[in-house]
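The block underneath contains the structure these notes are about, expressed in structure tokens.
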Amino acid sequence: MAKRAEKDQMSSFIPRSWRKKVEGIIERRLSLGWRDLLNHFWVQTRMIFSRTILLILGAMFFLFTVATVKEQTFKEKEVFLFLIIQSNALAVILHMNLWETEREDRTFELLLMRIPNLWRLIWFKMRVSLFWMIILSLPFFIGYTWFVNIPAYRAFIYLFFCMSCALFSVSITCTVTSFVHNSLATGVISVILIWIFAALLEEARLPWSDYYNFFINPYDEDMASYVKTLVLIINRIILFLFVFIFMSWFKERLKKTERWIL
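Note that our numbering gives residue 55 to position 55 of the sequence shown, counting from 1, and the numbers run on in steps of one.
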């Protein structure tokens, strides 16, 4: 019981006195439905941001900040490389422990009883982590837009391509976690798989790779301008197709609930 109490304390990074004041304000001003949504948001946030995850995130942001200053990143191509690496790393970190917590606490069975549709269950679990993935990425996108003088519309396109690519990494991470019963091992394996996939698409020079290179720069100067828009649209469609395939595979894994509960 002592270990369990310590674990619960580690996953809470807001002082209890502040939390009680906020809860009192919420109870007086919001309806029951909104309170239920906020409660779900808070519980899922606590599950995501354990002390270990916060330390990993802090180390990652520090590493990228130092690398940016050291490399003096002032070109859009270099900026996009930093952003897409960071977005995919953030996707793995925030999702490698998302389902492990349910397995450890043996609450996955209760979630299935509350939400019988597996697609709704996946969305129920992941919407908070996807929200934080975007929120934590925004400061870097805004910072680069300001300091490197990237036009706002180009920064928005960079954000879309990085976040959609990160969604692909999320689908891989969730699929891996259904096979591996350890969050850190899930993160390592997912990073290796994503790195192999990215290296293969970037360095192997496969035919028609612009159509299925999910790490493509939308403003790649080597691509002919008159076909660029069509290629990029097809590229994202194929990416979302792969995301659907991985998540469908993950859904099939979730049907075997005894592997998660036992």
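Backbone N, C-alpha and C fix where the C-beta goes; we use that ideal spot for every residue, glycine too.
Problem set entry | Residues of its chain near residue 93, where Cβ-Cβ distance is below 8 Å and the 5 sequence neighbours each way are ignored | 53, 56, 57, 60, 187.
For this session: Identify whether residue 96 lies in helix, strand or coil by the three-state DSSP scheme.
Result: The DSSP-derived three-state label of residue 96 is coil.
For this session: Provide the residue span of the alpha helix (DSSP H) that contains residue 219, from first to last.
Result: Here residue 219 belongs to no alpha helix (DSSP H), and DSSP marks it neither H nor E.
Exercise. Looking only at its own chain, which residues have a Cβ that is under 7 Å from the Cβ of residue 198, when we skip the five neighbours before and after it?
Worked result: Taken in chain order, the residues that qualify are 215.
For this session: Count the other CB atoms, across all protein chains shown, that sit within 10 Å of the CB of residue 194; report buried if there are 16 or more and exposed otherwise.
Result: Result: buried.
For this session: Leaving out five residues on either side along the sequence, give the residues of the same chain with a beta carbon under 7 Å from the beta carbon of residue 84.
Result: Closer than 7 Å at the Cβ level, and outside the excluded window around residue 84, lie 162, 165, 215.
Exercise. How many Å lie between residue 263 and residue 171 at the Cα?
Worked result: No statement about residue 263 is possible, as the shown extent of the chain runs from 1 to 262 and does not include it.
Exercise. For the region 135 to 155 against the region 76 to 91, are there 3 or more C-beta pairs whose distance is under 8 Å?
Worked result: In short, these stretches touch, since the Cβ pair count reaches three.
Exercise. In terms of alpha-carbon separation, which member of 178, 154, 91 lies closest to residue 169?
Worked result: Closest by alpha carbon: 91.
Problem set entry | residue 5 (DSSP reduced to helix, strand or coil) | Confidence at residue 5 is low in this model, with a pLDDT of 42, below 50, so the placement of that residue should be treated as unreliable; the coordinate-derived value is given next. Three-state result, residue 5: helix.
For this session: Work out the CA separation of residue 156 and residue 50 for me, nearest whole Å.
Result: Going from the Cα of residue 50 to the Cα of residue 156 covers about 30 Å.
Exercise. Are residue 159 and residue 141 closer than 8 Å when you measure CB to CB?
Worked result: Yes, the pair counts as a contact, with Cβ atoms nearer than the cut-off.
Exercise. Under the rule that 16 or more other beta-carbon atoms within 10 Å means buried, what is residue 43, buried or exposed?
Worked result: So residue 43 ends up on the exposed side.
For this session: Identify whether residue 244 lies in helix, strand or coil by the three-state DSSP scheme.
Result: Looking at residue 244 - three-state DSSP - the assignment turns out to be helix.
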